[in-house]
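When the letters of the sequence shown are read in order and numbered with mature numbering (1 follows the signal peptide of the UniProt record, and there is no 0), they come out as residues -19 to -1, 1 to 244. Every residue, glycine too, gets a C-beta built ideally from N, C-alpha and C.
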Amino acid sequence: MILILSFILVLACPPLVAGQFSNVTGCIHPRWGFNSLNQNPCLVAAYLESACGQSTMVSSIDEGFHYLPPNATEANACRCNTVLYSMISACAVCQGRLFGTWTEWKKNCATIYEGVFPMLNTLSHDTVIPAWAFQNISQNDNFDARTVDAPLSTSSTSLPSTTSKMTMPPSPTKAKNSSNVGAIVGGVVGGVVSLLVILLVLLWQFMKYRRSRVENREQTDLAGESQILTPPVLLQMREYGNRSPTMSLTPNKGYTGAAEVTD
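Here it is in structure tokens:
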């Protein structure tokens, strides 16, 4: 039932137009990493990811977690660049959280872009990219939070530099994805698990019912057998007068083994 309801909710929701969202409303340091439009790094990161035509939700993360790098399916030009890596790292720092290295972030990207954002032509005009997001990442393999000092914006007109890289399988890490796909998958998986639990409970009840019927049938059979009694052999004797009859065990002629009653 839960699985069916999950599918109904998914089907009932209309497809989203490419958009950008973030539930991070502020930073531990006021206006740290904000652009000239007073947008925090998490919202700007959502704008960058949605430039490839997919709606993106950059959610807040808990202490001890960091944002997952794009997997082989999610890896595209909007995610496989140092600008988005810098913005998503700044989003983590904004919340007082951790961030991974550039090498870890780009590990599933077939093509990477360093120092530029390759999708400026499709980026929404409702946001601007801070200048510090174009910093050189490859030198230290890490985002440098010290470069985040002023809410200046910039744009890049240079051609993107590309580097080919073999696709590698993602390694397990303690992290939280920046998209809402995980929540949908978790709901479906939870529905499947709940359905399996319900089926196991029903199976257990059915087996218990069958076992109870078998035990009742066996008890009924035993009770029927105990009621079958062997009738006793009665020796009827007639009484003559006041004398008790005596029984002779001497067999009569022609009747071997028969008992004779005499007065």
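Please report the residue range of the alpha helix (DSSP H) in which residue i lies.
{"i": "residue 74", "result": "63 to 75"}
{"i": "residue 84", "result": "83 to 86"}
{"i": "residue 22", "result": "22 to 31"}
If we ignore side chains and look at the alpha-carbon of each, how far apart do residue i and residue j end up?
{"i": "residue 101", "j": "residue 76", "result": "27 Å"}
{"i": "residue 17", "j": "residue 170", "result": "42 Å"}
{"i": "residue 34", "j": "residue 124", "result": "26 Å"}
{"i": "residue 70", "j": "residue 85", "result": "12 Å"}
{"i": "residue 39", "j": "residue 184", "result": "43 Å"}
{"i": "residue 4", "j": "residue 72", "result": "11 Å"}
{"i": "residue 92", "j": "residue 52", "result": "13 Å"}
{"i": "residue 81", "j": "residue 126", "result": "13 Å"}
{"i": "residue 28", "j": "residue 67", "result": "14 Å"}
{"i": "residue 14", "j": "residue 172", "result": "40 Å"}
{"i": "residue 12", "j": "residue 107", "result": "18 Å"}
{"i": "residue 105", "j": "residue 168", "result": "31 Å"}
{"i": "residue 36", "j": "residue 188", "result": "49 Å"}
{"i": "residue 2", "j": "residue 49", "result": "17 Å"}
{"i": "residue 20", "j": "residue 103", "result": "19 Å"}
{"i": "residue 8", "j": "residue 25", "result": "14 Å"}
{"i": "residue 195", "j": "residue 176", "result": "29 Å"}
{"i": "residue 115", "j": "residue 83", "result": "13 Å"}
{"i": "residue 182", "j": "residue 174", "result": "12 Å"}
{"i": "residue 63", "j": "residue 90", "result": "12 Å"}
{"i": "residue 56", "j": "residue 129", "result": "26 Å"}
{"i": "residue 97", "j": "residue 32", "result": "14 Å"}
{"i": "residue 135", "j": "residue 180", "result": "Confidence in residue 135 is poor, its pLDDT being 49 and thus under 50, which makes the residue's placement unreliable; the coordinate value appears in the next sentence. Each residue's alpha carbon lies about 58 Å from the other."}
{"i": "residue 10", "j": "residue 94", "result": "30 Å"}
{"i": "residue 197", "j": "residue 54", "result": "59 Å"}
What residue does the beta strand (DSSP E) around residue i start on, and which one ends it?
{"i": "residue 109", "result": "Where residue 109 is concerned, there is no enclosing beta strand (DSSP E), given that its DSSP letter is neither H nor E."}
{"i": "residue 260", "result": "With the chain running from -19 to 244 in the structure shown, residue 260 is simply not present."}
{"i": "residue 93", "result": "92 to 94"}
If contacts are defined as beta-carbon pairs under 8 Å, then residue i and residue j qualify, I think. What distance do you get, rounded to the angstrom?
{"i": "residue 61", "j": "residue 88", "result": "Their Cβ separation, rounded to whole angstroms, is 10 Å, which puts residue 61 and residue 88 out of contact at 8 Å."}
{"i": "residue 99", "j": "residue 58", "result": "5 Å"}
Within 10 angstroms of the Cβ of residue i, are there 16 or more other Cβ atoms? Answer buried if so, exposed if not.
{"i": "residue 186", "result": "exposed"}
{"i": "residue 30", "result": "buried"}
{"i": "residue 119", "result": "exposed"}
{"i": "residue 121", "result": "exposed"}
{"i": "residue 200", "result": "exposed"}
{"i": "residue 246", "result": "Nothing about residue 246 can be read from this structure; the chain reaches only from -19 to 244."}
{"i": "residue 117", "result": "exposed"}
{"i": "residue 190", "result": "exposed"}
{"i": "residue 65", "result": "buried"}
{"i": "residue 178", "result": "exposed"}
{"i": "residue 216", "result": "For residue 216, the predicted model reports a pLDDT of 46, less than 50, meaning its position is unreliable and no value from the coordinates is stated."}
Exercise. Contact between the stretch 37 to 46 and the stretch 106 to 115: three or more CB pairs below 8 Å?
Worked result: By the Cβ criterion, the stretch 37 to 46 is not in contact with the stretch 106 to 115, since fewer than three pairs of Cβ atoms, one from each stretch, lie closer than 8 Å.
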